[in-house]
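Below is one structure, written out as structure tokens; the observations come after it.
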Amino acid sequence: MKRLKIFKGLLLFWTAFIGVGAFVGGICMLIKPDGSLLKMEAMLPYFQVLPFADVLFQNYIFPGIALIIVNGISNVVAFLLILRNKRIGYALGTIFGFTLMLWIIIQFIIFPLNVLDIAYFTFGVLQLICGYVALVSYNQVNFKFDEKDYKNINNHSKTLVVYFSRMKFTKRIAYVKADKESADILEIKTKERTEGTLGFWWCGRFGMHKWPMELLPIDVDLNKYDKVILVTPIWVFKMCGPMREFVIKNKEILENKKVEIVFNHFNPWLPKGAVKEVKKYITITNIESKTTWLGHTFKLDK
Ligand SMILES: Cc1cc2nc3c(=O)[nH]c(=O)nc-3n(C[C@H](O)[C@H](O)[C@H](O)COP(=O)(O)O)c2cc1C
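When the count follows our numbering, it moves up by one through the sequence shown with no breaks and lands on 386 for the last residue.
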């Protein structure tokens with residue numbers, strides 16, 4: 085995935101840059117604890133407002149050690165883990181962007197405003213953003229889901245699970261549900277672009293306007309079923325465009341069946357407007373809501 089490659093590269097840069105910089109700065113402080121190597125002698129009085137300053141901040145030994153541990157070792161470890169493509173490396177790289185921001189906030193409080201602090205705070209923000217995007221992309225690429233693990237599906241059931249999914253997160257929820265209910269399963273697909281980063285923005289456009297998204301033909305006879313379970317991701321606080329199209333197009337048929345719905349979303353709550361909208365078209369007998377973060381769906385039974 086191109087996005088992962090780009091943001092992995094950027095995160096490697098930030099962790100290396102901040103990590104090595106912190107090591108160099110910290111070692112200079114330890115070599116010359118009066119701060120003369122970094123021309124920071126005049127800054128020492130500003131530290132005196134900090135707790136335990138009479139013990140910790142009479143020279144640069146403690147700040148040097150703290151810098152090496154908090155921003156140096158941490159970022160170098162994250163760098164090496166990312167290089168080995170470990171998920172924890174991406175998570176740590178993101179967290180250490182935040183750590184740097186906290187570090188600089190302390191400097192904002194104790195030092196007069198200066199360019200270097202503003203620059204490093206910005207670096208922390210950029211590291212946090214690059215880390216988060218890389219972590220999300222890593223989880224998307226490495227998301228494991230195998231349809232074959234669900235054996236109890238498509239056995240001429242009277243129940244049908246209908247789902248739409250871009251990144252397979254909702255797909256897994258639909259398969260778990262269908263497996264549990266011994267149901268048939270139907271994936272609805274659309275002509276519109278939904279894949280990748282561009283697809284995300286395109287779907288967002290449909291979400292913002294609450295537009296239905298035109299579907300590819302469906303070769304399943306809905307009349308065969310007594311119960312239909314709709315499984316849909318939330319797009320901009322409502323059901324996704326393809327599911328909206330499916331519900332609107334089939335509302336007469338669905339009205340004669342027991343219909344349940346499962347929403348999947350990122351926010352830890354289900355937007356009330358999403359429920360209100362489906363209820364406008366059809367009668368729903370059961371509503372469930374799942375939260376998926378970084379590929380992990382909370383309270384998913386399987
Ligand atoms: C265009 C778009 C808009 C979204 N809007 C919301 C939202 O308003 N609230 C929310 O909690 N999640 C939102 N999400 C996140 C998805 O609901 C969530 O990532 C879900 O797990 C995606 O499932 P899928 O990968 O199976 O399509 C949105 C996702 C997309 C693509």
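Virtual Cβ for every residue (Gly too), placed ideally from N, Cα, C. No experiment lies behind these values; they were computed from the predicted model shown.
- When DSSP assignments are scanned along the stretch 212-295, the uninterrupted stretches of beta strand (DSSP E) that are 3 or more residues long and fall wholly within it turn out to be 243-247 and 268-271.
- For H380, the Cβ stays outside the 7 Å cut-off from all heavy atoms of ligand 1.
- When distances are taken from the beta-carbon of S249 to the heavy atoms of ligand 1, the shortest one is below 7 Å.
- The beta carbon of W319 lies closer than 8 Å to those of C287, G288, F290, G291 and G325 in the same chain, with the five residues before and after it left out.
- I111 has no beta-bridge partner at all, per DSSP.
- Going by C-alpha positions, K322 is about 11 Å away from N348.
- Between the beta-carbon of D268 and that of Y234 there is about 12 Å, and that puts the pair past the 8 Å contact cut.
- Runs of the alpha helix (DSSP H) lying entirely within the stretch 100-186 and spanning at least 4 residues, in chain order: 137-140, 145-151 and 158-167.
- Per the coordinates, the alpha-carbon of L95 lies some 19 Å from the alpha-carbon of I152.
- In the three-state DSSP reduction, T206 falls in the helix class (H, G or I).
- Spanning the alpha carbons of L210 and I366 requires a straight line of approximately 45 Å.
- By the beta-carbon neighbour count (other beta carbons within 10 angstroms, threshold 16), K261 is buried.
- Fewer than three Cβ pairs drawn from the stretch 174-189 and the stretch 228-242 lie within less than 8 Å of each other, which leaves the two stretches out of contact.
- A distance of 8 Å or more separates the beta carbons of A162 and G148.
- Here L378 really is in contact with L219; their C-beta atoms are around 7 Å apart, less than 8 Å.
- Around V133, the same chain offers I194 as residues with beta carbons nearer than 7 Å, after the five sequence neighbours per side are excluded.
- The C-beta of M85 has fewer than 16 other C-beta atoms within 10 Å across all chains shown, which makes the residue exposed.
- Per DSSP, the continuous alpha helix (DSSP H) segment holding E361 begins and ends at K356 to Y365.
- Taking the Cα of P196 as reference, the smallest distance to any Cα among N239, L128, M251 and I332 is reached at L128.
- According to the DSSP assignment, L338 belongs to the alpha helix (DSSP H) that extends over K335 to E339.
- Using a Cβ distance threshold of 8 Å, G156 and A106 count as a contacting pair.
- Distance from the C-beta of K294 to the nearest heavy atom of ligand 1 is not below 7 Å.
- Looking only at P296, R328 and K273, the smallest Cα-Cα distance to I302 is reached by K273.
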